[in-house]
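Have a look at the structure below before the remarks.
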Amino acid sequence: MSTPATPPPPGSSAAPASSGASASGAPASGATASGAPGSGQLARRLGLGDAVVIGLASMIGAGVFVALGAAQDLAGPAVLLAVGLAALVAFGNATSTAQLAAQYPTSGGTYFFGRQQLGPWWGFLAGWCFVIGKTASCAAMAMVVAAYLVPEGFQRPIAAAVVVLLTAVNLVGVTRTAGLARILVTIALVALALTAARLLVGVAAGDGGAAFGAPVPGPLAGRATGFWDGGLAALLGAGDGGALGTVLAIAQAAAVVFFAFAGYARVATLGEEVTAPRRSIPRAILLALGAVFALYIALAAVLVLVGPAPGEQGWGPAPFIAALDLVGAGAVWKLVVTVGAAAAAAGALLALVAGVSRTMLGMAREGDLPRPLAHVSQRYSVPQRAEITVGIAVVLLVLLASDVLVAITASAFGVLLYYAVANIAAYTQTGEHRLFPKALQVMGLIGCILLVAALPGSTLVAGLALVAAGLVYRGIVLASRR
């Protein structure tokens, strides 16, 4: 049963007629009650289970097969604290996202929420940061798929081919996206369960390392010597006995892990396509986040028991293959984890392309991106032009980017700012739309600021430059219209 549409708060822009849904989640003009799309609208075809699976697919590939190894390189056995800190910040952000998505179940995520609650400039800031951060995430996931499948010299063209293939899947309908995501998540979970069991057998046989007795390595595993490479943690001597620096090293590791948790917002960006959104979206977000937190803690503990990582380069882009080497596992076990990693990273990339394109759709509807990107295919009910644009941008990044860790930190910068806006917007909600205490939004905002401050200086400078470029672009567009 739908509730009456709620007018926007004073000072915010009115919801556009093309938003695709009323504030309550009822179909907008042009969409039928059954969910069939009208002109320019998306159809509601995703149930609660589909939404949870898309959230899981967005997180599992990134967190398990990339971010956990990188985070342990930074924090050593304190990686469990880093996972807990990232989960705490993610929980605060998740409640804000769920509360906003329940009131505004339409495409665009915090871009749309920010416009409604805070004003157009705040919405643009959130949407622009999301596009920047998640495009970097897409490139990272494509590079991970290739890293597990082929030798280094062939990885970039294979990664580009993976992007093209999965973008093509998204172009033929969101229900196919959810169906393929379900298969990929199942493969990844089975592979992870088998791999974790084999690693624990090796630890029990005495093949483990220093485990929880290892030190905290410090920013970028001790390879950073200044603010530009290591951020505030490097300046304050993380890993060299400085208590504050060590705390910041854990925060830096948490920022890397947060990159992996951020997939729960994919459900909100697909809000225009979820059935019973006021009930389904909050439940899907919290269920996916809780399941992934439990998985991350368990697997981080397994890596700690096996580690520390061998050599100066740390765990590298394939931490579980390195861990299997340490316990003497054979080629069959490496094949198992390779299949799981490729499936999980492909699932994350599949959902990421869908999420970024929906945010671009919302921004194009408002004129903050070129309006032709707002076109929705009447046959497949997907924003095909936006998805093709995302695919092209990701292919370019795959061919030009340096390594996966750089892409992860760039993604963390954009996504953390995106959620900072979400927390501020959710804080302003009142009445029947308030589902969670305001203290959770305050916690999420403070956590986002802390994790951004812990990132390397190069990431901060480049990220701020891109944000400034986006704001200048919007100012020029508005001036030209006047």
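No gaps in the numbering here: position 260 of the sequence shown is 260 in full-length UniProt numbering, and each next residue is one more. Ideal placement from N, C-alpha and C gives every residue a C-beta, glycine not left out.
Separation of residue j from residue i, as counted between CA atoms
i: L400; j: L455; result: 22 angstroms
i: G475; j: L236; result: 38 angstroms
i: L416; j: P437; result: 21 angstroms
i: A26; j: L335; result: With a pLDDT of 35 at A26, under the threshold of 50, the predicted position of this residue should be treated as unreliable, though the coordinate-derived value follows. Going by the C-alpha atoms only, they are around 47 angstroms apart.
i: residue 504; j: A288; result: A question about residue 504 goes unanswered here, because the residues of the chain that appear run from 1 up to 482.
i: A21; j: D229; result: At A21 the pLDDT is 36, less than 50, meaning the model places this residue with poor confidence and gives no usable figure here.
i: V452; j: L248; result: 11 angstroms
i: V327; j: L466; result: 44 angstroms
i: A243; j: G153; result: 41 angstroms
i: residue 486; j: G92; result: Any question about residue 486 goes unanswered here, given that the chain covers just 1 to 482.
i: L184; j: V398; result: 22 angstroms
i: Y296; j: P319; result: 14 angstroms
i: L199; j: A90; result: 28 angstroms
i: Y104; j: R115; result: 11 angstroms
i: A439; j: L445; result: 10 angstroms
i: M141; j: E366; result: 30 angstroms
i: A205; j: L68; result: 24 angstroms
i: R279; j: Q99; result: 10 angstroms
i: F112; j: G330; result: 50 angstroms
i: R371; j: D325; result: 52 angstroms
i: D50; j: R482; result: 44 angstroms
i: G470; j: L464; result: 10 angstroms
i: residue 499; j: G84; result: Because the chain in this structure spans residues 1 to 482, residue 499 falls outside the shown range and cannot be described.
i: P151; j: S480; result: 49 angstroms
i: A462; j: D207; result: 42 angstroms
i: A28; j: A374; result: Because the pLDDT at A28 is just 37, under 50, the model does not fix this residue reliably, and the point stays unresolved.
i: P157; j: T106; result: 35 angstroms
Contact set for residue i: own chain, Cβ-Cβ below 6 angstroms, skip 5 residues either direction
i: T110; result: A126, Y418, V421 and A422
i: Q72; result: V79 and L303
i: G202; result: V327
i: Q384; result: L171 and S377
i: P310; result: none
i: L149; result: A342
i: K134; result: L352 and V356
Expected contact under 8 angstroms - CB spacing of residue i and residue j to nearest Å
i: V256; j: L460; result: Contact flag wrong, Cβ pair sits at about 15 angstroms.
i: M443; j: G263; result: Not quite, the Cβ-Cβ distance comes to about 20 angstroms (not below 8 angstroms), so this is no contact.
i: A301; j: L80; result: 6 angstroms
i: C138; j: L349; result: 6 angstroms
i: residue 488; j: A147; result: Past the edges of the chain, shown from 1 to 482, lies residue 488, and the structure says nothing about it.
i: S411; j: V390; result: Wrong, their Cβ atoms sit about 14 angstroms apart, outside the cutoff.
i: A342; j: M360; result: No, A342 and M360 are not in contact; Cβ-Cβ is about 27 angstroms, not under 8 angstroms.
i: V53; j: R182; result: 5 angstroms
i: G226; j: A233; result: Between A233 and G226 the Cβ distance is about 11 angstroms, and since that is not below 8 angstroms, they are no contact.
i: L368; j: F124; result: Just to set this straight, residue 368 is Asp in the shown sequence, not Leu. Rounded, the Cβ-Cβ distance is 5 angstroms, consistent with contact.
Candidates the options: closest to residue i by CA position
i: V162; options: G367, Q103 and A344; result: A344
i: A70; options: P317, T428, A393 and I285; result: P317
i: L299; options: G55, F65, L445 and A51; result: F65
i: L352; options: V376, P319 and V169; result: V169
i: A171; options: V376, S458 and G208; result: Checking the displayed sequence, the identity of residue 171 turns out to be Leu instead of Ala. It is V376.
i: V394; options: A407, V382 and Q384; result: A407
i: G347; options: T167, R198 and V404; result: T167
i: A94; options: T409, A159 and G290; result: G290
i: G355; options: Q103, V339 and A136; result: A136
i: T428; options: L118, G76 and A67; result: L118
i: L56; options: F293, V332 and T409; result: F293
i: S96; options: Q441, L471 and R365; result: Q441
i: L305; options: L471, H433 and A196; result: A196
i: L405; options: V83, Q313, G245 and A329; result: Q313
i: P77; options: P308, K134 and A329; result: P308
i: L478; options: V382, P120 and V53; result: P120
i: L192; options: I321, W315 and F124; result: I321
i: W333; options: L194, R156, I187 and A188; result: L194
i: V337; options: L88, E432, V190 and Q155; result: V190
Residues bridged to residue i (per DSSP)
i: V256; result: Beta-bridge pairing links V256 to no other residue.
i: V274; result: L46
Cut-off 7 angstroms between Cβ atoms - residues of its own chain near residue i, not counting five sequence neighbours on either side
i: A86; result: A254, V257, F258 and F261
i: R283; result: L48
i: L165; result: none
i: L450; result: A251
i: L180; result: V169 and L350
i: I132; result: G414 and L466
i: G231; result: P219, Q252, A454, L455, P456 and G457
i: Q155; result: M143, A146 and A147
Contact set for residue i: own chain, Cβ-Cβ below 8 angstroms, skip 5 residues either direction
i: W122; result: G114, R115, V421, I424 and A425
i: A160; result: A142, V395, V398 and L399
i: L435; result: T95, A98, Q99, A102 and P282
i: T186; result: none
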